[in-house]
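Quick note on my numbering: the sequence shown kicks off at 10 and runs consecutively. Glycine included, C-beta positions come from ideal geometry on N, C-alpha and C.
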Amino acid sequence: MQSKKNVTLEDSLKSADTEETLDIWFYRPLGFRLALLCERLHITPNMITIFSIFVGVAAGLLFYPANLKVNIIGMVLLVFANLLDSTDGQLARLTNNHTRLGRILDGLAGDLWFICIYLVCVFRLLNEGWSSWVWLLASAAGLCHILHAAMADYYRNIHLMILKSSSGSEHDTSREMSEMLRGMSFKEKPFEKICLWFYRNYTRQQEMLSPKMQVFLKTLRTTFGENIPQELKNSLREANKSNMPLTNILQFNTRVIFLFFCLALDCVWLYFVFDLVVMNSVLVVLIVRQERFASKFNNIILKETYSKA
């Protein structure tokens, strides 16, 4: 790994536009210090990610007992798992050691935490006398959770792509993933090919939920390639920056704070309702706003292009 000299906290961040207040004041500063320590110990981002999976799953298991003291230990572990999740990305940026496989593992880690949490909450409710119908409630909430995380991540990466071009973002297309899959041997790289197959389908799902954004991105690529005019970049950033807080709501902090609240009240069923009602409402608003943004600027670019032709 090769890192920069005299690195700062800002070097480890993606963009101030996409950072949450809690991340800036808590997770990122601690993650930065942990990243520097891990670099000195020759610990790679993927090693941190894999460790975070075990920590996050252990946290989820501690939410099973209806015992607040045990639950609080689980809460601390889940916060630590998220700190590790912050650290791996910051270390990757500081050492320029970021890979697509690393991003896939990073997303998988969070999914495994919450799969465990959802299952534990179901078994906790069943133990309290709930009927098997709770599986339907939890499954619906879990599927929605996947959509929340997918679309929030997608829109944030598009914003970063606009700011920094493709080289500075983690934006991928399903077509690129399909081409990579065709060129990858299962015998030589079975694990990577399986991960890439799931990631391709994940990316395709994101694209299906944002049709106007796909048209806009195609117009952007065919018109400017990698060289988006700075004036247009500034306009896109200003118009889209107000959507970033909505992506943040759909990410880790908001849902975990509410989860902790539900655990403290011994009402874990309320967390599923929160996912289905509140978070779905936020997702709908976000998609509508992003589609309007995409449609508006697609028309602007086409109008200016044809007027110059």
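Open item on the list: For a quick check, are the C-beta atoms of ALA161 and LEU259 less than 8 Å apart?
Closed with: In the sequence shown, the residue the question calls residue 161 occupies position 152. In the sequence shown, the residue the question calls residue 259 occupies position 250. The beta carbons of ALA161 and LEU259 sit closer together than 8 Å.
Task: Under 8 Å between C-beta atoms of LEU87 and ALA75 - done: Translated into the one-based positions of the sequence shown, residue 87 becomes position 78. Translated into the one-based positions of the sequence shown, residue 75 becomes position 66. It is not a contact, given that the beta carbons lie outside the stated cut-off.
- [ ] Please work out which residues of its chain come closer than 7 Å, Cβ to Cβ, to GLN214, disregarding the five sequence neighbours upstream and downstream, and give them in chain order.
- [x] Residue numbering aside, residue 214 sits at position 205 when the sequence shown is read from its first letter. Here the set comprises ALA159.
TODO: May I ask you to report which of helix, strand or coil DSSP gives THR96?
DONE: Within the sequence shown, residue 96 is the residue found at index 87, counting from 1. Of the three classes helix, strand and coil, the one that applies to THR96 here is helix, per DSSP.
- [ ] With a 10 Å radius around its C-beta and 16 neighbouring C-beta atoms as the bar for buried, classify TRP122 as buried or exposed.
- [x] Within the sequence shown, residue 122 is the residue found at index 113, counting from 1. Its Cβ being crowded by 16 or more others within 10 Å, TRP122 is buried.
Open item on the list: Quick check on the DSSP output: what are the complete beta strand (DSSP E) runs of length 3 or more inside the stretch 135–176, in order along the chain?
Closed with: Here no run is fully enclosed.
Open item on the list: Quick check on ASP284: buried or exposed, where buried means 16 or more other Cβ atoms within 10 Å of its Cβ?
Closed with: Here residue 284 refers to the residue found at position 275 when the sequence shown is read from its first residue. Per the 10 Å Cβ criterion, buried.
Open item on the list: Taking a contact to mean a Cβ-Cβ separation below 8 Å, would you say LYS221 touches ALA303 in this structure?
Closed with: Taking the first residue of the sequence shown as 1, we reach residue 221 at position 212. Taking the first residue of the sequence shown as 1, we reach residue 303 at position 294. Yes.
- [ ] Let me know if MET253 comes out buried or exposed under the rule of 16 or more other beta-carbons within 10 Å of its beta-carbon.
- [x] Your numbering for residue 253 matches position 244 in the sequence shown. Per the 10 Å Cβ criterion, buried.
Open item on the list: Between which two residues does the alpha helix (DSSP H) holding LEU285 run?
Closed with: Taking the first residue of the sequence shown as position 1, residue 285 is located at position 276. For LEU285, there is no enclosing alpha helix (DSSP H), since its DSSP letter is neither H nor E.
Open item on the list: I need the boundaries of the alpha helix (DSSP H) containing TRP206, first residue and last residue.
Closed with: As a position in the sequence shown, residue 206 is number 197, starting the count at 1. Judged by DSSP secondary structure, TRP206 falls within the alpha helix (DSSP H) whose first and last residues are 199–217.
Task: Cβ-based neighbour list, LEU279, same chain, cut-off 7 Å, excluding 5 preceding and 5 following - done: The sequence position of residue 279 within the sequence shown is 270, counting from 1. CYS271, listed in sequence order.
Open item on the list: Is it the case that the stretch 135–148 contacts the stretch 76–96, given that we only count it when at least three CB pairs across the two stretches are under 8 Å?
Closed with: With the cut-off at 8 Å, the stretch 76–96 and the stretch 135–148 do not touch.
TODO: Compute the distance between the beta-carbons of HIS168 and THR53, then report whether it is under 8 Å.
DONE: One-based indexing of the sequence shown puts residue 168 at position 159. One-based indexing of the sequence shown puts residue 53 at position 44. No. Outside cutoff.
Open item on the list: On a Cα-Cα basis, can you pick out the residue from THR58, SER140, TYR163 and MET170 that is closest to ARG246?
Closed with: For the purposes of this step, residue 246 is taken as the residue at position 237 of the sequence shown. With distances taken between CA atoms, ARG246 lies nearest to MET170 out of THR58, SER140, TYR163 and MET170.
Task: Cα-Cα separation between ASP97 and ILE124, rounded to whole angstroms - done: Along the sequence shown, one-based indexing puts residue 97 at 88. Along the sequence shown, one-based indexing puts residue 124 at 115. So the alpha carbons of these two residues sit roughly 21 Å apart.
Task: Run of the alpha helix (DSSP H) containing SER68, from where it starts to where it stops - done: Within the sequence shown, the letter at position 59 stands for residue 68. A small fix is needed here, since residue 68 is Ala in this sequence, not Ser. If you look at ALA68, you'll find it in the alpha helix (DSSP H) that goes 54–70.
- [ ] Could you spell out the range, first to last residue, of the alpha helix (DSSP H) harbouring ILE266?
- [x] Within the sequence shown, numbered from 1, the residue matching residue 266 stands at position 257. Per DSSP, ILE266 belongs to the alpha helix (DSSP H) from 261–274.
Task: Assigned exposure category for SER21 - 16 Cβ within 10 Å defines buried - done: As a first step, residue 21 must be located in the sequence shown, where it is residue number 12. Burial call: buried.
Open item on the list: Mapping the DSSP letters down to three states, classify VAL16 as helix, strand or coil.
Closed with: As a position in the sequence shown, residue 16 is number 7, starting the count at 1. Shown here, VAL16 sits in coil according to DSSP, grouped into three states, outside any helix or strand.
- [ ] Out of MET84, ALA149, LYS305 and THR256, state which residue places its alpha-carbon closest to the alpha-carbon of SER244.
- [x] Here residue 244 refers to the residue found at position 235 of the sequence shown. Comparing alpha-carbon positions, the option among MET84, ALA149, LYS305 and THR256 lying closest to SER244 turns out to be LYS305.
Task: Per-residue burial, LYS23 [other beta carbons within 10 Å of its own, 16 or more giving buried] - done: For the purposes of this step, residue 23 is taken as residue 14 along the sequence shown, with counting starting at 1. By the beta-carbon neighbour count (other beta carbons within 10 angstroms, threshold 16), LYS23 is buried.
- [ ] Check ALA118 in the structure and name its three-state DSSP category.
- [x] Locating residue 118 in the sequence shown gives position 109, counting from the first residue. DSSP, read as helix, strand or coil, puts ALA118 in helix.
- [ ] Please classify ASP26: does DSSP put it in a helix, a strand, or coil?
- [x] Position 17 of the sequence shown, counting from 1, holds the residue named residue 26. Under the three-state reduction of DSSP output, ASP26 falls in the helix class.
Open item on the list: With three or more C-beta pairs closer than 8 Å as the rule, is the stretch 223–238 touching the stretch 189–203?
Closed with: In this structure the stretch 189–203 does not lie against the stretch 223–238, because fewer than three pairs of beta carbons, one per stretch, are closer than 8 Å.
Task: Collapsed DSSP secondary structure at ASP32 in the structure displayed - done: Indexing the sequence shown from 1 puts residue 32 at position 23. In the structure shown, ASP32 sits in a helix (DSSP, three-state: H, G or I).
TODO: Have a look at VAL66 and MET186 and give me their C-alpha separation to the nearest angstrom.
DONE: Here residue 66 is taken as the residue at index 57 of the sequence shown, counted from 1. Here residue 186 is taken as the residue at index 177 of the sequence shown, counted from 1. Looking at the backbone, the Cα of VAL66 and that of MET186 are separated by about 29 Å.
Task: Buried versus exposed call for SER276 [16 or more other C-beta atoms within 10 Å across all chains shown] - done: Translated into positions along the sequence shown, residue 276 becomes position 267. Reading off the sequence, residue 276 comes out as Cys, not Ser. For CYS276, the number of other beta carbons within 10 angstroms of its own is below 16, and it is reported as exposed.
TODO: Please check the pair LEU255 and LEU295, which I expect to be a contact at CB under 8 Å, by giving their CB distance rounded to whole angstroms.
DONE: As a first step, residue 255 must be located in the sequence shown, where it is residue number 246. As a first step, residue 295 must be located in the sequence shown, where it is residue number 286. Confirmed, Cβ separation roughly 4 Å.
Open item on the list: Which residue marks the beginning of the alpha helix (DSSP H) containing ALA248, and which one marks its end?
Closed with: In the sequence shown, residue 248 corresponds to position 239, counting from 1. Its alpha helix (DSSP H) spans residues 239–249.
- [ ] Would you tell me roughly how many angstroms separate the C-alpha atoms of ALA44 and ILE57, rounded to the nearest one?
- [x] Sequence index remark: in the sequence shown, residue 44 carries index 35 (1-based). Sequence index remark: in the sequence shown, residue 57 carries index 48 (1-based). ALA44 and ILE57 have their C-alpha atoms spaced approximately 10 Å apart.
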